[in-house]
Every structure is written in C-alpha cells, then in structure tokens.
C-alpha cells in the first residue's frame, strides 16, 4: 500500500521536467520548470486510498502553445512507515438511512416517532479519500398505536352506526359511554370524542364526525301503454344521480340512462319494466319501477296509384305490422281475389276509376289506413290494313277500327299527302309525288289508352321508253345506246325489251347502256318497250346509218445527194364521205409533198364525218461525202510533214484537188510559220466535199517567274510561281541547275540570288534570275523574380534584350496570356506551369521559347473549425475545438482570452470571468508555408446556482455562527429571504443576500434549538422568477 506523506513533498511529483525525454529542443533556452503544476495542492493527497484510487489531473498551464507535446510521469517512492505515524482523515460527507429520518447537518439528524415499534438505522461516513465507514443501531418507540377512531364516516338519514375505539384499556366518550364500542343514530351531522388510557399509562384523545346524508326518494312515474316502440320516461328526480335500467335489458336510452325524462327505444312489441335508481354518491340509494307496454303502430301504405289500359291488375301495398284489409268503391264491381293480401289480383268488366283502401290493425288497437286510385280502361287495338301498291297518286285506305276514335297521319314518304276523311278507317288518300308512303292509323279511347299501326302504300308511275343512239360517222365505229326514260334502273323492278336489227351487240344488258356496231353499211332500226310494277310504256324506235369504208395509198421519189432535199411523195384517196382534208407529219396540208429531205413521212386523211386513214413512207439519200484528213498538225520550226486525205460516203468513185494544185491523196509541206491548206473531193453524182488542214509551227519559248516576297525571316518560305509560254509542252524547270517543280518553295537562311531555267519539247530554252533578302531573328532572354510561392502567386517576368519594336506574347500555362515585354501575372490556381514566350521583330520574324515547369504555385490551406459546444456556462467553461481544416500541416489557435495553442484540435478551458463572447482565431499552415485564417466566436454564459446549509450553530465561537445562502446568476436587486418558526411566523427577513441570519428572533432573543423553514425569492440574470424553500436547524 502506498501512502502520501508530508515528509517528502519534493519526491511527490511535478516539480521539474526530465531533460532526457523532454520534447523541448536543446536550442530552446526558456526555463519551463513550474509550467506544469497540479490542479489541487499536493497536501490534499495525504492519507491512504483504502477503498479506491487517487485521481491526479495534470493541466497545461503555459500561457502560450509552441507546439511541444505534453507528457509526464508519476513515480511512487517506497518509504517505510514511520512508527507511531497517524493522521486524522477529514470527513467528506455522512449519509443516514432509516424510518422517518430528517438530516439537520451531515453529522446530526432526528426522526419522527409516528409509529410504535423497533426501527433500524444505518450511518455511512465518507472521508476525503473516498473511504467509507458504516455503523448500525435501533430505536424503539412505545405509546398508543393510532389510529384510535379512524376517519370520519357518512350514514344515510334514519340509520344508525357503531363507533369503535382501539389501542386503549379504558375509554371515555363525550356521550357518556365508557366502552370501546358505542351505537349512535344522529339526525344531523355530529362529532364524537373519545379519551383512552393504555396499559402503559399513555393517554390519547381522538375525534370522529358522523355525517348524516339525505336519502334519495325515487319516483319512476306511472305505468303506460303506447302504440310505438319509443316512450319518453317521466321520473321525478330528488337527490343524487339517477340511472334507468330495463327488463328485458334490450332497451336503449337517449340521450343517456341518467336523464329522468330519457326516451326509451325497444326492439319489438312487449312489456318492459323500467327501474329508476337514485344514488347520492354517499351510499344512500332508492329505486322505483314503471311498467310500459309497447305495441308497434302500423304504417299503412297502399302503394302508388295505378292507371293502366286493361281491366285487371295486381295491387302493390307495402305491409308493416298486423293484418291488412282491402276495401273498394267505384263505377262497377271490382273482384278482389284475397282482401287481406297486399299484392292481391283484382279484375272488373266495367272500366273506370276505383278507390281502394288498405287498412292495417296490429291487434292491440293500433290501426292505420292508406288509399290508392286504380284506373282501368279498355286498350284499343289499331289495324291500318295490309301493304299495297297502285299505279296512281290516289289510294283507298283499308284500316280496321276497334275502340275509340281513329286518325290517319303520314309518317314518311317523298312528298305530302291529303286524307279525304282523316278519321275514317277507309278514307281515300292522295299524294303529291310517286314513291313509298307510310300511313299511321292511331286509335285513342279518350282515357289515355292509345294504339297505332302503320301501313306501307307504294304509288307507282307509268315508265317511258325513251333512249338515244350516238351517230356512226365512220364505217365499223361503235354506237352507244343510252336509256333516258324514267323507269327504275333495276332489272328486279323494271323490265326492258330491246330490238337491235342487223346490229352486233358488243356489251350491255337490262336498261343499258349498250355498245353496238354493224358489219355492213346502210340504215337499220332499234326499238324499246319498258314494263315497271305492272305498268307498260309505249314503244320507241330510232333508225341508225352506217357509212362506207375510207381508203388511202402513197407513191415517192428519193433524194439524189446527201443534204440536197429534192425528194417527192404522192397520195391516192377513196371511200368515206367527201370532201377530204390532209395532214402531213411535217405540217403540210396538201395532197402531195415536194422538195423533201430524207426521213419518214406520215399523212392522215380525214373525210367530212371525221373518219381518218393514215399511211407513211420513207425518203432515202446517199451517205454524206466525208473527207478523212487531220485538221491540225503541229511541227517544230525547220521540220516538214505529210498531209493525207481519204473520202467516204457519197457515190464512188472519188476525185481529189488540193489548193497546191496536186490531185493526189497525199502532199508534203515544210512551212516556216503556221499555214492553212485545203482539199476538195467529188463523187460520181457530182456531189462535193472540202476539208481544211492547219500546219502549226511552235513559237519561241518564254519564261515568267512571280515570287511571293523578296525579303523573309530565317526559316520562312518564299514561293516562286513559274509560268512558261510558247514552244512545245511539256516544260521542264531547273533551279541553279537542279530539276524542280512549280511552284518552287524555298527556305533561305542567307541572302542570295536563284537562277531558274525552262526547256520544252522542241528543245527551246528560257532563263530568269530571282534575288532574295533574309532578315535577322530577334534575341530572347527571359527571367522571373520568383519561381514558386503560395496562391495567389504574383510573378514578375522580364525579357532583358533591347526593345527595338518587338511584340511579345506570354502564355503562362493557366489559360491566361500577356502581350507586354515585362508582365506581372498572378497564378490563382495551384499547380506547376509551363511558360511560353513568343517574340516577333519589326520585320515579322518570330521566335518561340518554351520553359517547362517554370512556375510552381502552392495550394493554400483552408481553415475550418467547429466549437463544441459553441455556448458553455461557468459550471463547465470547456470548449472542444474540432479542426476541419484542409491541407493544414500545422496550426496556431488564439482563444480570445490571452491563451493560444498549436494543438490540432485543442480542448480549452475558459475563465469564469469575464462572461460573454470570445473571439477565436485559427491560423493554418501548409507544408509549403502557405496559410489561411478563420475567425469564430464562442460564448461563456452565466448559470444559476443556489445552495443553503441545513444547520448552523449561532454560539459566537466564530465557527458557523451565521446562516447564509449562496448562489450565482442571481439578480441581487430582486433577492428577498424569509425565515419562519414552527408556527409560520416570520422571525427574520432581508433583501441583502450578503446579510445572514444570526439565529435571533426578529433581532432580539435567541431562537431556541430546533428546525426552522426558510423561503427565498429572486430573479435570475434573465429576469426569470424563482422561489427556493428549505429547512435549517439551529444547534447551540
């Protein structure tokens, strides 16, 4: 067991730091001794932790945080216990346990002796080291065990009760009785007192009150009988609460069973007994019963009125309860099959209106009746006759009359109609146009009974046999025969009888149309008769004429020379109907053609009736006389060539004649310049043809050179476009003796002149010289003031060569550019950036330098933190700062109370004064030294606390002489405390919280030892009212 001794405080703990394990570097010369101190004095650790362990809290009390890691160790020294060494352990607290025990102080208390018996008690003492000591003892209480009489009782008026005292040996009642039990029957509420003496000599007195309660007098009303299944009860209430019950128990009460005049509803006929019971809630009850006989009232319903067009029907009463009976009155005898059936069958032979009564009797004197009206009349049966037709616009109708008055009307038809006698069944009707007509014969008996029948009558007309025949203009043409009469174009309705004399019927049937023709010329007749609906038309006859056949033939003379156009064609025409007209394919309208060219010719002859005949013939000519000779012969200057001609076409044999006078097929020529020659060929028909020949002599060769520019920058191209003319293609180009193509692309680096030569197919040559000047390139020398840093990183770039009019383009690799010689650029985003510099001289010469990974922009950390909690109070002014920063390698906290820390997520204790809001600053640093700062606020609030001691000893020994209450967060201007004695009298009060009670009564005599109660009233720092009460014991 280790004990802490005052003899060796220097060996206790925490008076220095171990230099071997200290994280403080040797270069740090600050003396940190004493920067780590215990939270409480070490002297408080003296003693032995017999029942537990010590807890030692080590806190960082440095005024700043330089990032060093806090660590410590505790070493227990083995020291032998000094002989006779003792120590009095201070008491921390005392806990009492037992029946009705009341603490006055930690070490003093009292119990309330309100029961007889032996009661165990236990005391538990806790020292300052957490060690516990327990003691047990018993307390015995003697006396008279209560209760003596018990609680007050209630009795109903007019009754008696027994009163019994207990716990004693001798009894004395204020009624004069001297036994433990007496009988009383008071008329009004009375209090009885008994005094008792126990065997141990203890005495006691007790009272009991007998409350006389008025007894209810129930009155349920008088008996009744009703013709309904509901009844309003008529109880007469007296006192207390009444309740209805029923036998049988199936009745329902509305609004509820506690209402004296509640409405009772039963499920069927019967005798019910209703009991009204009143209870005054003190045990006094009275009941009364009433008998109600329920018989359901019939609800007669004879059904709806009936009006039908017949002399019999079934009735439709709706039965309810009891027996129903039908009775009747009317113009005749109405036979009722079953007078007690709600749906009985009735019949009569006399039409008219009958009154029927349906009467229901439930057998208990409850009767109800209902009437209905029954109207019975004969139903007419209309018959308009049978369907018929007539070849006229007038027809005699044939209806068969039954009951009532009949009337003719037209329901449909193509025209209108007129009835000679509209109410006569055999009236004559006349219509306006032929067709199908529907006529309605309607009969009405005058009592709403109506019947109707419809008949279809067809009014037919006599058809005509008119038709047309198209005239035949040309022999063998078809003729169309078309019916134009008014007969129905339906072979099932109308029949058509045709006669075609000597005609060939090509197509057609029934009414037509017909296509006919004739095999021989001449005149023939066509006849027609039409029969429709039995009506026959007159016969129509038309004569038809067929003319004779038209004929045509041709003769011709062909063309002699190709292209001469001297052919002829002649026609021969007969038949048809003169006069004739002509139409040639070349547009001529004459009977013959002259001076025609070769080709196919067609002529159409038309007679007077438009009949035509067509014939054609072909005019021929010899082939075209063609000379086969070259039209163009090119030669070089000083050369000769042979020209050869040959003939085709025309009529062989051929003869040749050249403009040189030669008559052969070939000639040889050698001109110095371009010359034109011709030859003429003649065939056997004296047809001629001529051909021209050009002998082309190539002209001298020339060369033209066009250059894109005459001055360039080194490495830039110059384009030379070459164009040769004259001579004989193709052309070959040479530059400085080397073969080349056009255009020529050159990349000169120095000033020079180029010699260009061209040759052609005749070995002609031509030459030109091209001079070119080359500018110098601009120099480049770039630098920057820095090459890395934190974003946003501002960099100054410099190009150190003399400014001679150059232009600059800086590409910084982040999407941004600059166009000045020495720009300043800010890199917003982090990263490694390539930089490109392009310089262009005043001559346009350009140079570009690429600088890889020139600039490095470091990312800036983001400072983020969250205080937990953001608001604390003085009871626990500790805030945990949760660091959510990004890219933070190291941090610096400033808590706003003069303290700081470099712990990543520190826990900081704020002072309890001053209260309010503290500004917190967090600075974070990346591994590249980039930083970010964020500001926040936390709040330390006040907290209401209140404490009052439970005892004090005002004996003027300067120890616990005054009774004070203590607290925090109290508005002292609202404070008021009162101290009361056991009778509730104020013996001390003050509005000054700093003024205590000295144990006197109203500042005069000393208050006796005992328990006093106090009441404190005050507002907290938020203005909220509070009241605190408690007890304090005065000990002397």
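In the numbering used here, the protein residues as written are 4 to 1039.
C-beta atoms are modelled at their ideal positions from N, C-alpha and C, and glycine is treated no differently.
Small disclaimer: the values here were computed from a predicted structure and weren't measured.
What is the rounded straight-line gap between the Cα of residue i and the Cα of residue j?
i, j, result
"residue 967", "residue 973", "14 Å"
"residue 537", "residue 547", "31 Å"
"residue 307", "residue 364", "21 Å"
"residue 555", "residue 621", "16 Å"
"residue 201", "residue 173", "7 Å"
"residue 253", "residue 207", "58 Å"
"residue 486", "residue 539", "15 Å"
"residue 239", "residue 194", "34 Å"
"residue 369", "residue 272", "12 Å"
"residue 955", "residue 897", "47 Å"
"residue 915", "residue 877", "5 Å"
"residue 475", "residue 467", "25 Å"
"residue 2", "residue 219", "Limits of the chain in this structure are 4 at one end and 1039 at the other, which puts residue 2 out of reach."
"residue 1038", "residue 1000", "13 Å"
"residue 984", "residue 945", "34 Å"
"residue 340", "residue 450", "26 Å"
"residue 42", "residue 1014", "Any reading at residue 42 needs caution, since the residue's pLDDT is 40, under 50, leaving its predicted position unreliable; the model's value is listed next. C-alpha separation (whole angstroms): 39 Å."
Judging by CA-CA distance, which residue of the options is the nearest neighbour of residue i?
i, options, result
"residue 752", "721, 588, 167", "721"
"residue 347", "290, 320, 372", "320"
"residue 403", "385, 419, 397, 393", "385"
"residue 643", "628, 670, 630", "670"
"residue 367", "334, 325, 387, 394", "325"
"residue 329", "317, 342, 337, 840", "342"
"residue 796", "400, 257, 349, 862", "862"
"residue 640", "336, 360, 766", "766"
"residue 297", "230, 288, 818, 140", "230"
"residue 432", "775, 410, 596, 453", "410"
"residue 987", "825, 1016, 996, 934", "1016"
"residue 460", "704, 245, 398, 429", "398"
For the putative contact between residue i and residue j, defined by C-beta atoms under 8 Å, what is the C-beta separation to the nearest angstrom?
i, j, result
"residue 199", "residue 156", "At roughly 19 Å, the Cβ-Cβ gap does not stay under 8 Å, so residue 199 and residue 156 are not in contact."
"residue 700", "residue 675", "7 Å"
"residue 659", "residue 667", "7 Å"
"residue 530", "residue 502", "4 Å"
Is residue i buried or exposed, if buried means 16 or more other CB atoms sit within 10 Å of its CB?
i, result
"residue 911", "buried"
"residue 625", "buried"
"residue 209", "buried"
"residue 730", "buried"
"residue 391", "exposed"
"residue 1026", "exposed"
"residue 744", "exposed"
"residue 581", "exposed"
"residue 96", "exposed"
"residue 281", "buried"
Taking only three categories from DSSP, how would you classify residue i?
i, result
"residue 300", "coil"
"residue 1006", "coil"
"residue 986", "coil"
"residue 459", "strand"
"residue 67", "Residue placement at residue 67 is flagged as unreliable, the pLDDT there being 44, under the threshold of 50; a coordinate-derived value is accordingly withheld."
"residue 359", "strand"
"residue 942", "strand"
"residue 1029", "strand"
"residue 561", "coil"
"residue 965", "coil"
"residue 767", "coil"
"residue 341", "coil"
"residue 606", "strand"
"residue 970", "strand"
"residue 235", "strand"
"residue 487", "coil"
"residue 585", "strand"
"residue 1100", "No answer is possible for residue 1100: the residues shown for the chain start at 4 and end at 1039."
"residue 278", "strand"
"residue 384", "coil"
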